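The sequence shown begins at 1 in the UniProt record's numbering and counts up one residue at a time.
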Amino acid sequence: MLECVLIDLNVDKNTSINELIENHMPFIIKSISEVTGRYVSCENDEELSVGLLGFHEAIERYDNEKGHFLSYAKLVIGSRIKNYLKSENKHQHSSLDDLLDKGVDIKDEYFEPKEDNSLLLEQINKLKTEIGSFGFTFEDLVNEAPKQQATRKNAIMLAEQISVEEEFTSFMYLKKRLPITRIVAKFSVTEKVIKRSKKFIISVVIIIDKNLNALKNWIRK
């Protein structure tokens with residue numbers, strides 16, 4: 001109960017819940033960080049929202065038999081954050097399973113042993129957003145990526161060459177397509193080779209340019 005909290009904290013009886021939350025924001029952030037092991041941003045961290053709900057719940061459920069309020073609130077916040085992190089971890093594994101079901105061949109041997117699934121999923125979503133602006137999906141990329149190793153290797157080499165040419169990458173991001181005529185002239189490749197793997201080449205350029213390192217082994221598999 002709020003009255004019990006106010007008495008325990010020895011604050012003005014007219015203090016509102018919002019004022020309590022505002023005054024104890026450093027405490028809430030510290031309680032969250034001790035569970036997550038990282039700094040919590042006030043702007044966009046989902047964990048902060050969960051922590052705030054935990055603090056509010058502690059206010060509503062507190063009574064004197066639960067000991068000092070802040071100790072109790074820390075336990076409630078920690079419990080809510082742990083439950084949230086567990087649910088997020090399950091969601092990440094589920095999302096990766098969904099990609100596998102769709103034919104996206106992402107296997108452990110294509111990644112570093114210490115690769116964090118959350119980083120992998122984050123970079124997959126980043127790539128999906130980027131290529132979406134070019135008018136195709138991650139599933140399109142998987143379906144149309146070169147299946148023969150020699151063709152894939154050549155496409156990767158071409159993408160690597162394109163990625164270091166600012167003129168080409170600027171054109172690609174601005175026009176949302178490859179400057180095929182210029183690439184043909186610059187690197188002595190045929191237009192047919194580029195068009196056959198253009199979605200894959202665009203994706204590899206993005207992966208290199210945006211430093212999506214967790215995906216680099218996948219494109220070379």
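Cβ atoms here follow ideal geometry from the backbone N, Cα and C, with glycine treated the same way.
Please read all numbers here as calculations on a predicted model, not as lab measurements.
A Cβ-Cβ separation of about 15 angstroms leaves Ser203 out of contact with Leu120 under the 8 angstroms criterion. Nearest to Ile28 by alpha-carbon distance, out of Gly78, Ile180, Ser197 and Ile219, is Gly78. Each residue's CA atom was taken as its position, placing Ile208 and Lys66 some 54 angstroms apart. Tyr72 is the residue among Glu46, Tyr72, Arg177 and Gln123 whose C-alpha sits nearest the C-alpha of Glu57.
Per DSSP, Glu167 is one residue of the alpha helix (DSSP H) stretching across Glu166 to Lys175. Check the Cα spacing between Glu122 and each of Leu9, Ala214, Asn10 and Ile17: the tightest is with Ala214. When the Cα atoms are used, Phe134 and Arg80 turn out to be separated by approximately 40 angstroms. Taking the Cα positions, Ile131 is about 20 angstroms away from Lys147. One Cα belongs to Asn14, the other to Met25, and the distance between them is close to 19 angstroms.
Nearest in C-alpha terms to Asn83, of all of Phe69, Leu53, Thr129 and Ser16, is Leu53.
Of the residues Ile124, Val76, Ile32 and Ala150, the one whose Cα lies closest to the Cα of Ser197 is Ala150.
Taking all protein chains in view, the Cβ of Glu47 is crowded by 16 or more other Cβ atoms within 10 Å, so the residue is classified as buried. Phe171 and Ser87 have their C-alpha atoms some 41 angstroms from each other. Around the C-beta of Gly37, fewer than 16 other C-beta atoms lie within 10 Å, and the residue is accordingly described as exposed. Residue state for Gly135 is assigned as coil, using DSSP reduced to three classes.
Boundaries of the alpha helix (DSSP H) around Glu19: Ile17 to Asn23.
Of the residues Phe69, Tyr62, Asn64 and Lys74, the one whose Cα lies closest to the Cα of Val50 is Lys74.
Between the beta-carbon of Ile206 and that of Leu127 there is about 6 angstroms, and that keeps the pair under the 8 angstroms contact cut. Scanning its chain for C-beta atoms nearer than 7 angstroms, with the 5 sequence neighbours on each side dropped, one finds around Gln161 the residues Phe187, in chain order.
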